[in-house]
Amino acid sequence: MSPTTEIETTPEANSFTITLKTQPPMPLSSFPEPATPTPPIRNMGPYRVAEDLYLSPFSVSDTLELHRVLNLTNAVSLGLYTANVTFPFPLARAEAFTRRHEARRTERGFADAWAIRPAPEGPVMGLVGVHAFDHEEEGVPVCRHTLGDGSEAPMRCGAIGYWLSPEATGNGIMTRVVDYALRQMARQVMGFERVHGQAWEENTASQRVMERAGMQPAAPVPCFVPKFEETKICAHYTLDV
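Its first residue numbered -10, the sequence shown is counted upward by one per residue in the working numbering.
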């Protein structure tokens, strides 16, 4: 307890006395809690693929360029399953896209998708992402490998996805990015053992990208695509990294 001093005077005796009194300590709840440091977000890069080719996460400042690139043609929209990328691509959807990427990596504590850029802070040229692939068939994980005794065990599997601006195609950019993402991001950064990739059966250019990066064709997969309201055949590729 901390003592306090009170002075009591006695006018008649023309004197005073000093009395020490104590006060109870402040409760611990009165003191502010120390701020908990926010852990850094992992896998932020920038990652150097080549002298003029880098990977770094999307930010809200990419909104206008993303809006411009995805409105050049309908090629990117036609090549993707996701309903989040359409043609035309409204500005509000472009902002939602960049904000969603920021929020997701903040929530998870790591980035698993990156903008393709000509410089560490350059304009957006495309995207590459390496995500967990945890599909199951009748409750059994699709990703599994055979052990020496003939039994099967699950594997850590990822899926790679990508797109490139029509302005940047034809220069081998996507092949270099996918090769880098498979061998550096998927294996060393994310720790996956096998990576899956898919492209529409008619998208031979995307299939060539995966083949040049060393991925092997697997059985095609039919899938219903809500934004097209039709079932399309996916060419399916894998690579043990």
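From the three backbone atoms N, C-alpha and C, an ideal C-beta is built for every residue, glycine too. Just so we're clear, the structure is a prediction, and the values are computed from it rather than from any experiment.
Per-residue burial, residue i [other beta carbons within 10 Å of its own, 16 or more giving buried]
i	result
residue 127	Per-residue confidence for residue 127 stands at a pLDDT of 43, beneath the threshold of 50, marking its modelled position as unreliable; no derived number is given.
residue 222	exposed
residue 76	exposed
residue 219	exposed
residue 33	exposed
residue 129	Residue placement at residue 129 is flagged as unreliable, the pLDDT there being 45, under the threshold of 50; the coordinate-derived value follows with that caveat. Residue 129 is exposed by the Cβ-count criterion.
residue 175	buried
DSSP-derived helix/strand/coil call for residue i
i	result
residue 37	strand
residue 128	Unreliable placement is indicated for residue 128, whose pLDDT of 45 sits below 50; the coordinate value is still reported in the next sentence. It is coil, neither helix nor strand.
residue 223	strand
residue 59	coil
residue 229	strand
residue 121	strand
residue 239	The structure shown does not extend to residue 239, since the chain spans only -10 to 230, so no value can be given for it.
residue 169	helix
residue 44	strand
residue 175	helix
residue 111	coil
residue 72	coil
Proximity of residue i and residue j at Cβ, strictly below 8 Å
i	j	result
residue 228	residue 184	yes
residue 59	residue 114	no
residue 146	residue 191	no
residue 48	residue 91	yes
residue 103	residue 155	no
residue 158	residue 201	no
residue 30	residue 94	yes
residue 38	residue 166	yes
residue 53	residue 86	no
Opening and closing residue of the beta strand (DSSP E) in which residue i lies
i	result
residue 183	183 to 189
residue 205	205 to 214
residue 81	It is not in any beta strand (DSSP E) - residue 81 instead sits in the alpha helix (DSSP H) that spans 80 to 97.
residue 106	102 to 106
Contact belief for residue i with residue j at Cβ below 8 Å, rounded distance in angstroms
i	j	result
residue 210	residue 196	About 13 Å; that fails the 8 Å criterion.
residue 117	residue 170	5 Å
residue 44	residue 35	6 Å
residue 215	residue 64	Rounded, the Cβ-Cβ distance is 20 Å, inconsistent with contact.
Residue range of the alpha helix (DSSP H) that includes residue i
i	result
residue 199	193 to 201
Minimum Cβ-Cβ distance from residue i to chain B less than 8 Å
i	result
residue 167	Here there is only one protein chain, and chain B is not present.
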